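J.:
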Amino acid sequence: MAKTKNTAHSTTAPGCKNAAQSPSAVGADSQALAVRFAKLAQERNAEDILVLDLRGVSPITNFFVIGTGTSSRQIAALADELQSLGKELDNKVWKSAGLGVGDWVVLDFVDVVVHLFNQDLRKHYDLELIWGEAPRIDWNG
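Shown next as structure tokens:
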């Protein structure tokens, strides 16, 4: 009988510090990261900031951080700062989209995905409604 090699794999991107942690540790770390991102967004005057807990709701990520910027310049600057903070915390962006446009920027840190919108696109896509079953985290407490 041929032996089979255990090929269990992580869904965490290479280079993320939580790749070898237990699921509960990853959840706690990703929530703390989401809260840090939300607080930075607040410090940089983003509006209507939400943190949605997608654990058990989505197989793709643990948390969404959603915020609204007042201008493309503000959204781009905040996206740059969030990427820098993630790098500082050993959680580099795995994928990003919209950085050159500034109307809707997505920063995918694997366990946390940040969405920065202008007001019109935030209303149009309404992620809060789409992910309505996801609990909201009280990050500002």
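Here the numbering used here is used: the first residue of the sequence shown is 334, the next is one more, and so on.
Beta carbons are placed, not taken as given, at the ideal position from N, Cα and C, and that holds for glycine.
All values reported here derive from a predicted model rather than from experimental measurement.
Buried or exposed for residue 495, please, with buried defined as at least 16 other CB atoms from any protein chain shown within 10 angstroms of its CB.
T.: Here the chain comprises residues numbered 334 to 474, so residue 495 is not present and cannot be evaluated.
J.: Identify whether residue 422 lies in helix, strand or coil by the three-state DSSP scheme.
T.: One-based indexing of the sequence shown puts residue 422 at position 89. Here residue 422 sits in coil by DSSP.
J.: Could you compute how far the alpha carbon of residue 362 sits from the alpha carbon of residue 455?
T.: As a position in the sequence shown, residue 362 is number 29, starting the count at 1. As a position in the sequence shown, residue 455 is number 122, starting the count at 1. Going from the Cα of residue 362 to the Cα of residue 455 covers about 27 Å.
J.: In angstroms with no decimal places, state the Cα-to-Cα distance between residue 437 and residue 389.
T.: Numbered from its first residue, the sequence shown carries residue 437 at position 104. Numbered from its first residue, the sequence shown carries residue 389 at position 56. If you take the alpha carbons of residue 437 and residue 389, they lie about 26 Å apart.
J.: What's the call for residue 434, buried or exposed, on a 16-neighbour Cβ count within 10 Å?
T.: Indexing the sequence shown from 1 puts residue 434 at position 101. Looking at its Cβ environment, which holds fewer than 16 other Cβ atoms inside 10 Å, residue 434 is exposed.
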